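K.L.:
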Amino acid sequence: MELARLSIGVIFGGRSVEHDVSVVTAHQAMAVLGDDHDIVPIYISREGRWYTGAGLNDLDVYKNQTWSTAGEEAFIPPSVGYGGLLAPASSRFGKGRRIPLDVVVPSIHGTFGEDGTLQVLLELAD
Numbered sequence: 001m002e003l004a005r006l007s008i009g010v011i012f013g014g015r016s017v018e019h020d021v022s023v024v025t026a027h028q029a030m031a032v033l034g035d036d037h038d039i040v041p042i043y044i045s046r047e048g049r050w051y052t053g054a055g056l057n058d059l060d061v062y063k064n065q066t067w068s069t070a071g072e073e074a075f076i077p078p079s080v081g082y083g084g085l086l087a088p089a090s091s092r093f094g095k096g097r098r099i100p101l102d103v104v105v106p107s108i109h110g111t112f113g114e115d116g117t118l119q120v121l122l123e124l125a126d
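Residue numbers (my numbering): 1 to 126.
The following block contains the structure:
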């Protein structure tokens, strides 16, 4: 019996001193999960800005600090039942885009990742 493909958000980066380790951890996890599932990279910059997009799969993005052009800003609304990321509209009259997620894998080390902060947000978003 074949399992259904899941949309898996992998959250990494963050404002912790362990930011770089988190980037490597997440990329290792995404490489393993990517064959069987749809992976949605969710990068949090050192300043706390959230980004998503296929361009974030390239490790050179982090060496060159070009994540703002490799991905689009997004966030997880703390709203019960939303079930995904929201990429806000890029213009005043545009419409935001929902990126559905079945599961989220937190790969943030240290502060804001291992202290329960991120887990509370994910619990609120259900």
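Glycine included, C-beta positions come from ideal geometry on N, C-alpha and C.
For clarity, every value in this text was computed on a predicted model and none was experimentally measured.
1. From Val105 to Val10, what distance separates their C-alpha atoms?
2. Measure the alpha-carbon distance for Gly96 versus Ser16 and round it to whole angstroms.
3. With a cut-off of 8 Å, do at least 3 Cβ pairs link the region 108–126 to the region 54–72?
4. Tell me whether Val40 is buried or exposed, calling it buried when 16 or more other Cβ atoms sit within 10 Å of its Cβ.
5. Buried or exposed, going by whether 16 or more other CB atoms sit within 10 Å of the CB of Leu3?
6. Going by alpha carbons, who is nearest to Thr25 out of Ala70, Asn57 and Ile76?
7. Of the choices Tyr82, Ile99 and Ser90, whose alpha-carbon is the least far from that of Leu121?
8. Counting only the same chain and skipping the five closest in sequence on each side, list residues whose C-beta sits under 7 Å from that of Ser107.
9. List the whole-angstrom C-beta distance separating Leu124 from Pro78, where the pair is believed to meet the contact cut-off of C-beta under 8 Å.
10. For Val103, count neighbouring Cβ atoms within 10 angstroms of its own Cβ and tell me buried if that reaches 16, exposed if not.
11. Just tell me which of Ser91, Gly14 and Leu33 has its CA closest to the CA of Glu47.
12. Is it buried or exposed for Thr117, if we count other Cβ within 10 angstroms and need 16 for buried?
13. Pick out the complete beta strand (DSSP E) segments inside the region 97–122, 3 residues or longer, and give them in chain order.
P.N.:
So, to answer that:
1. Cα to Cα, the separation comes out at about 5 Å.
2. Looking at the two C-alpha atoms, the distance is approximately 29 Å.
3. The region 108–126 is not in contact with the region 54–72.
4. Burial is judged here by how many other beta carbons sit within 10 angstroms of a residue's own beta carbon; Val40 has at least 16 and is buried.
5. Of the other Cβ atoms in all chains shown, fewer than 16 fall within 10 Å of the Cβ of Leu3; this residue is therefore exposed.
6. Out of Ala70, Asn57 and Ile76, Asn57 has the C-alpha closest to the C-alpha of Thr25.
7. Residue Tyr82 is the option with its Cα nearest to Leu121.
8. Around Ser107: Val10, Ile11, Phe12, Ser22, Thr25, Ala26 and Ala29.
9. The Cβ separation is near 4 Å, so the contact holds.
10. Counting other Cβ atoms within 10 Å of its Cβ, Val103 stays below 16 and is therefore classed as exposed.
11. Nearest C-alpha to Glu47: Gly14.
12. Here Thr117 is exposed: its Cβ has fewer than 16 other Cβ atoms, across all protein chains shown, within 10 Å.
13. Runs found: 97–100 and 103–106.
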